[in-house]
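I have placed the structure first, in the form of structure tokens, so that the comments after it can refer back to it.
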């Protein structure tokens, strides 16, 4: 009969006559973190899981099999980290492109074709950012739909204002 990971962690801690505070000190985590593990609110990260396996004299395989949700959680966190890294490139590139378009009076006038290509690049990067934002929200799956919709709407509005401002500044202010 399999037991949930949070119950295994709590039972093993009690068998060793440790308080949550003592365990937290041994693992260099907060008391709240240990409490969250034992109530099933969160899972230990892989480093803490290894320390727990050693402390409780359990095989890591047993802990991972018993708490199969933890494997899913680790995979989810890894994917989220990866997706968030992909957000940096288009954000930085858009910033550079917007500066190039909006600061033509200082950087030098661009041809109409170059400006149009830069604006298209900004728009395509915007689409890429929307895609990755959607993927991140899907992976997190913790926020309400309205909250994430409002954040996306605000981001798109800010992007649109900056985009239009860049065009106006680049062409009409000389």
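Numbering (UniProt numbering), first residue to last: 1 to 174. All C-beta atoms, glycine included, are put in the ideal place defined by N, C-alpha and C. All of these numbers come straight from a predicted model, not from anything done at the bench.
Assigned secondary structure, residue i (DSSP; H/G/I helix, E/B strand, else coil)
i           : result
residue 9   : helix
residue 36  : helix
residue 132 : helix
residue 103 : coil
residue 89  : helix
residue 56  : coil
residue 108 : coil
residue 141 : coil
residue 176 : Lying before the first or after the last residue shown, residue 176 is absent from the chain, which here runs from 1 to 174.
residue 121 : helix
residue 4   : coil
residue 84  : helix
residue 76  : helix
residue 29  : coil
residue 146 : Caution applies to residue 146, whose pLDDT of 47 falls short of 50 and renders its modelled position unreliable; the value that the coordinates give is listed next. In this structure, residue 146 counts as helix in the three-state DSSP scheme.
residue 159 : helix
residue 61  : helix
residue 115 : helix
residue 41  : coil
Option in the options with minimal Cα separation from residue i
i           : options              : result
residue 43  : 4, 127, 107 and 18   : 4
residue 123 : 25, 159, 13 and 34   : 159
residue 139 : 162, 84, 60 and 30   : 84
residue 51  : 40, 39 and 34        : 34
residue 166 : 54, 115, 127 and 128 : 115
Contact under 7 Å by Cβ, residue i with residue j
i           : j           : result
residue 80  : residue 71  : no
residue 162 : residue 98  : yes
residue 103 : residue 110 : no
residue 16  : residue 48  : no
Beta-carbon contacts of residue i that lie in its chain and below 6 Å, excluding the five residues immediately before and after
i          : result
residue 56 : 12
residue 38 : 6, 9 and 10
Cβ shell of residue i (< 7 Å), same chain only, five flanking positions each side left out
i           : result
residue 125 : 90, 93 and 94
residue 130 : none
residue 100 : 107 and 118
residue 74  : 46
residue 76  : 139
Proximal residues to residue i (C-beta, below 8 Å), its chain only, five neighbours per side dropped
i           : result
residue 178 : This structure gives no information on residue 178, because the portion of the chain shown stretches from 1 to 174.
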